[in-house]
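These notes concern the structure reproduced below.
In my numbering, the protein residues as written are 5 to 399.
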């Protein structure tokens, strides 16, 4: 495959050209219409028969925003902030979609709307709230689901997308959103990347809080640049911190990772073999990652890597969604469509057939589409690939 984009070899582009093309192309790929920012969490008490609410806990390095019903903006806060929000999903909801209201506060019969929202005082109050919510779940099902969003994401966008994933996946775990200071502006890629770097300590603290809570299991889902944040947080964590997490973290899903493939290999070597393999969601037609590759000197991004088998040999379960028709023009948010496969999808990942292919020391392509593994209740063109671990022991 030729290492070119827009007709020119990527390596010949100047830094200025890369930034200009990034902004221009991503602008074309972005959704039409205004994006929610100010007042997006305006509350409504209008009833809607058949609507379902989801209570989300929020940890953020964003700055608090004093504008009504806004809560957080894209600037970096001086300390970690906490909040909670209850969001209602309409009875007319379509899988994988976020039904944004045309005007606030929205119509609960047709739109995602906010039912309740507010700040949580501090770390201790957040821990008490986590444990309270976990205690309401029966033993054996006290789980936390942690989501880390990607680049160019406003606070309400991260919140509502997470609600969609929780809703479509019928997820019963306590949902926790970790949202870092993304400005939600295409031209602020470097600002966002630096914000992600600044958020590493806060994310490490949050994961330890969850590990030390009443949670029996933790599932982590990261998207795009959020994967860089997650992996770099793991790298800087002490062996003792990693050990504390290993006992609780059940599944780590890296969706469309915006990580240099060589950096990813180095990260895996440093971290060593995980207790459970990472799940990596890739799509070779991801246009956003194609642009990211351009500004990164032509190095492939993990989420659009051309060699599924090599990723599997690095110790990952690879979910290849290249053939899946995307609901966004950049083909960058296909992970949201996989939520409809849960909990069947999660059970599939834990099947002995998946793990045995790894344990037996041989690679395997596990089906032409995921319907093979979920009783054909859902048929999506999704390939699952596993292979033996190549990396052992950290260094």
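Using N, Cα and C, we set each Cβ at its ideal position, and we do this for glycine too.
Quick caveat: nothing in here was measured; it's all calculated off a predicted structure.
{"Item": "Does the segment 209-228 come within contact of the segment 149-157, defined as at least 3 CB pairs closer than 8 Å?", "Value": "yes"}
{"Item": "Taking the beta strand (DSSP E) that residue 65 belongs to, which residues open and close that run?", "Value": "56-69"}
{"Item": "Rounded C-beta distance between residue 254 and residue 231? I'm assuming under 8 Å.", "Value": "No, residue 254 and residue 231 are not in contact; Cβ-Cβ is about 18 Å, not under 8 Å."}
{"Item": "Using beta-carbon positions only, say whether residue 103 and residue 94 come within less than 7 Å of one another.", "Value": "yes"}
{"Item": "Provide the residue span of the beta strand (DSSP E) that contains residue 119, from first to last.", "Value": "117-124"}
{"Item": "Just to check my reading of the structure: residue 181 and residue 62 have Cβ atoms closer than 8 Å, yes? What is that Cβ distance to the nearest angstrom?", "Value": "5 Å"}
{"Item": "Rounding to the nearest angstrom, what Cα-Cα distance links residue 177 and residue 139 in this structure?", "Value": "11 Å"}
{"Item": "Over what stretch of residues does the beta strand (DSSP E) that includes residue 179 continue unbroken?", "Value": "178-183"}
{"Item": "How many Å lie between residue 389 and residue 324 at the Cα?", "Value": "8 Å"}
{"Item": "Taking Cβ positions, are residue 229 and residue 200 nearer each other than 7 Å?", "Value": "yes"}
{"Item": "CB-CB under 6 Å to residue 4, same chain, minus the five flanking residues each way: which ones, in chain order?", "Value": "Residue coverage of the chain in this structure runs from 5 to 399, which leaves residue 4 outside it and unanswerable."}
{"Item": "Quick check on DSSP: helix, strand or coil for residue 376?", "Value": "Because the pLDDT at residue 376 is just 33, under 50, the model does not fix this residue reliably, and the value given afterwards should be weighed accordingly. If DSSP states are grouped into helix, strand and coil, residue 376 belongs with the helices."}
{"Item": "Do the segment 186-199 and the segment 213-228 make contact, defined as three or more Cβ pairs closer than 8 Å?", "Value": "no"}
{"Item": "Between which two residues does the beta strand (DSSP E) holding residue 230 run?", "Value": "No beta strand (DSSP E) holds residue 230; the alpha helix (DSSP H) holding it covers 229-240."}
{"Item": "Just to confirm, are residue 74 and residue 183 a CB contact at a threshold of 7 Å?", "Value": "no"}
{"Item": "Once DSSP output is grouped into helix, strand and coil, what is the label at residue 26?", "Value": "A caution first: residue 26 carries a pLDDT of 49, below 50, which makes its placement in the model too unreliable to give a value."}
{"Item": "Counting beta carbon pairs with one atom in the segment 297-309 and one in the segment 263-272, are three or more of them shorter than 8 Å?", "Value": "yes"}
{"Item": "Report the CB separation of residue 259 from residue 225 in whole angstroms; it is logged as a contact under 8 Å.", "Value": "6 Å"}
{"Item": "Do residue 233 and residue 270 have their C-beta atoms closer together than 7 Å?", "Value": "no"}
{"Item": "Please check if any C-beta of chain D sits within less than 7 Å of the C-beta of residue 103.", "Value": "Protein chain content of the structure displayed is limited to a single chain, and chain D is not contained in it."}
{"Item": "Please work out which residues of its chain come closer than 6 Å, Cβ to Cβ, to residue 90, disregarding the five sequence neighbours upstream and downstream, and give them in chain order.", "Value": "57, 59, 119 and 120"}
{"Item": "To which residues of the same chain is residue 2 closer than 7 Å at the C-beta, ignoring the five residues directly before and after it?", "Value": "Limits of the chain in this structure are 5 at one end and 399 at the other, which puts residue 2 out of reach."}
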